[in-house]
Structures are given as C-alpha cells and as structure tokens.
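Protein chains: 2
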Amino acid sequence: MADEALFQFLHNEVIQYIYKSAEYGEMENGRCITKLENMGFRVGQGLIERFTKDTARFKDELDVMKFICKDFWTSVFKKQIDNLRTNHQGIYVLQDNKFRLLTQLSAGKQYLEHAPKYLAFTCGLVRGGLSNLGVKSIVTAEVSVMPACKFQVMIQKM
Amino acid sequence: MADEALFQFLHNEVIQYIYKSAEYGEMENGRCITKLENMGFRVGQGLIERFTKDTARFKDELDVMKFICKDFWTSVFKKQIDNLRTNHQGIYVLQDNKFRLLTQLSAGKQYLEHAPKYLAFTCGLVRGGLSNLGVKSIVTAEVSVMPACKFQVMIQKM
Chain A
439 MADEALFQFL HNEVIQYIYK SAEYGEMENG RCITKLENMG FRVGQGLIER FTKDTARFKD
499 ELDVMKFICK DFWTSVFKKQ IDNLRTNHQG IYVLQDNKFR LLTQLSAGKQ YLEHAPKYLA
559 FTCGLVRGGL SNLGVKSIVT AEVSVMPACK FQVMIQKM
Chain B
439 MADEALFQFL HNEVIQYIYK SAEYGEMENG RCITKLENMG FRVGQGLIER FTKDTARFKD
499 ELDVMKFICK DFWTSVFKKQ IDNLRTNHQG IYVLQDNKFR LLTQLSAGKQ YLEHAPKYLA
559 FTCGLVRGGL SNLGVKSIVT AEVSVMPACK FQVMIQKM
C-alpha cells in the first residue's frame, strides 16, 4: 500500500509540475502530454529490463503482450489487465476496469477532460516496455466511464 | 523489488526533467533543488497521512522521529535509518549508510557533486512528513562517502 501511494503521489506531482511550468511558458497541452509520455517511455524501458531479467524467452508478440498484461501490470498497478483483445493484425486493446491512476479522481463526467494527463505516462510506460522487448508500437488511451480505461497498442511492423 | 525500481526510475526522470528545463530557461541550480524539495514535501505530506492512519498518538518529538526513521523510511526506502542522533535541543541527525537513491551512482568521488540533486526530494519528503505531524523543521543532507548519507533535521520551535 505504501509503495503504491509513493508512486501515485509522485506521479501526481510530476503532472502538476509539468502543467504548471506550461502555464508560465509557451507550452501547449499537447507538449505536456508528450513530455509525460516520454518520461513513461524511459521508465518503462528501465522496468522491463529488471522484470525480464530471469524470464524465459518470449514465443511471439502475443506472448509479450500477455506478459505486459499480467506481470508488468501487476508490478506497477497491483492488478492485472482485465481484458486483452486483438484483431490478430497488430492491434491490441488492453482494458483495465479499475485503473489505479484514475481511481483517485471522482468517477463523474466532470473530470473526464482531465483523464488524458493521467494516462499519458502509462501509455509511454507500455510503449517503453514493448520497445525494449523489440516490439515497436504506438500506444493511446481512451476513457469512457472512469475509472475504466482502454489502452490501444498498434504494433509497428519493422 | 519492482516497486522500488518504479519509484527510483521515476525519481530519476523527475531530476532529469527539472534540470533539463533549467538548461533551456533561466533557472539556476538552487531553484531546481528547491523544486525537487517542494515536490518531496507534498509527497511526504500525503504519505504520512496514509502511514499514520492507524497508529497510536505520538508521545513526543523523539517518538515522531523514531517513526520517521523506522516505519516511514522502511516504507519508502526498504530499510531503516542506521543511526539516529540528537543533541536533545531540536537537532536530529539521521544516518543512512546505504541510501537507496545514491546506490545507483558510482561510489567514487567523481559523482559527489551530483549528490545534492538526489537528496533534495528526500529532504522535502522528511520535512513534509514531519510537517503533517505538527513538527516544523528544516532538513538538509550531507554526503561524505557515497552511498552513505546524513540528513540533519532542525526543529523549528513554534
């Protein structure tokens, strides 16, 4: 519980900080999102190295995705992804019905517009993790009813 | 292990980010330290609320300090403070012989000058924690041989 809180509070501070420095400068919303995403990317790269240190080699792309949904997600967010779907053509949808970084926000529609800034870091985290496993991707997130959330991973064939 | 890594990587990113934005702007080193310290302060405030939710009331200032050295430190850094000293006049020195946020740096003298930026957040963390327990303080840190580190807490009598 303590660890989660530490990550969550620090994550909030980072969002605050980036958005606050944007107010004073010329940075638009889009650039804040990009910065958060980039931070997540590098953290994801680092984490996946630690996590996969002793795991067996992955069979294929789906195997990698399952690892992200189970082990990776559990380590970071203390629960697994609730649902993984794929069109078998390089698109994966990871659904988390109670995404930890959103549970602190009120579930009403009122704060829906603020959701993207709480998801950007995690999009980067997934992209960074996949990247260090040799899978290049684009990751986006979507919320319709908080705190549920869908991450869409589009694999970039190389 | 995973959690520590998550915090550590994110902490590093925050340092990088703040120092990088300073390069482009007019921010001096001192202001970066202050920003990190302030972030730590708010995170410390949040954490101590969670941690002390179910603890008994503290007897006195020393009791509070012991809680910081044991429970608080263990939650955040996975070990206790190795040594706590006080002059019984409001100054406490907390020594950590293997401070987690420094163990990633090479132990040589070479990186000693970079130590302050890895300590600022934690100084704030302690100050914020104490503050929400009703103890106003000034917290500074000092490194002579990495990764050992001393935090000096000066209580501000109100």
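Top line first, the protein sequences correspond to chains A and B. Quick note: the first sequence, position 11, residue 449 per the working numbering, numbers continuous. Quick note: the second sequence, position 88, residue 526 per the working numbering, numbers continuous. Every residue, glycine too, gets a C-beta built ideally from N, C-alpha and C. In this text, all values refer to a predicted model and were calculated from it rather than measured experimentally.
Beta-carbon contacts of residue i that lie in its chain and below 6 angstroms, excluding the five residues immediately before and after
i	result
L539 of chain A	Y556
G528 of chain B	I593
V591 of chain B	Y530, S575, V577
F496 of chain A	V502
P585 of chain B	K536, F537, L540, T541
V581 of chain A	A553, C587
I453 of chain A	K555
W511 of chain A	Q518, I519
Residue i - DSSP class collapsed to helix/strand/coil
i	result
I529 of chain B	strand
M503 of chain A	helix
M584 of chain B	coil
F496 of chain B	coil
V577 of chain A	strand
M596 of chain B	coil
Q590 of chain A	strand
L571 of chain B	coil
Q446 of chain B	helix
D520 of chain A	coil
K491 of chain A	coil
E475 of chain A	helix
E461 of chain B	helix
E451 of chain A	helix
Same chain, Cβ closer than 8 angstroms to residue i, five either side skipped, listed in chain order
i	result
K516 of chain B	E442, R538
For residue j and residue i, believed in contact at Cβ under 8 angstroms, the rounded distance
i	j	result
S459 of chain A	S459 of chain B	6 angstroms
F447 of chain B	G484 of chain A	4 angstroms
L563 of chain B	H552 of chain B	That belief does not hold up - the Cβ atoms of L563 of chain B and H552 of chain B are roughly 19 angstroms apart, past 8 angstroms.
G566 of chain B	F489 of chain B	At roughly 12 angstroms, the Cβ-Cβ gap does not stay under 8 angstroms, so G566 of chain B and F489 of chain B are not in contact.
E475 of chain B	A579 of chain B	E475 of chain B to A579 of chain B, Cβ: 10 angstroms. No contact.
M477 of chain A	E451 of chain B	5 angstroms
Cβ-based burial, residue i [other Cβ within 10 Å; buried from 16]
i	result
S575 of chain B	buried
D492 of chain B	exposed
K473 of chain B	buried
M596 of chain B	exposed
A494 of chain B	exposed
L500 of chain A	exposed
R523 of chain B	exposed
H526 of chain A	exposed
A545 of chain B	exposed
V583 of chain A	exposed
K508 of chain B	exposed
E466 of chain A	exposed
Spatial neighbours of residue i in its chain, beta-carbon cut-off 7 angstroms, leaving aside the 5 residues before and after
i	result
V573 of chain B	E499, V502, I593
P554 of chain A	I471
N570 of chain A	Q483, I486, E487
D520 of chain B	Q533, D534, N535
I456 of chain A	C470, K473, L474
H449 of chain A	L539, F559
V481 of chain B	L563, G566
| Start-end ranges of the beta strand (DSSP E) lying completely within the segment 522–567 of chain A, minimum 3 residues | As for any beta strand (DSSP E) of minimum length 3 sitting wholly inside the segment 522–567 of chain A, the runs are 529–534, ordered along the chain.
| task | May I ask you to list, following chain order, the residues of the segment 472–483 of chain B that have a beta carbon less than 8 angstroms from some beta carbon of chain D? | result | The structure shown contains no chain D; the protein chains it does contain are A and B.
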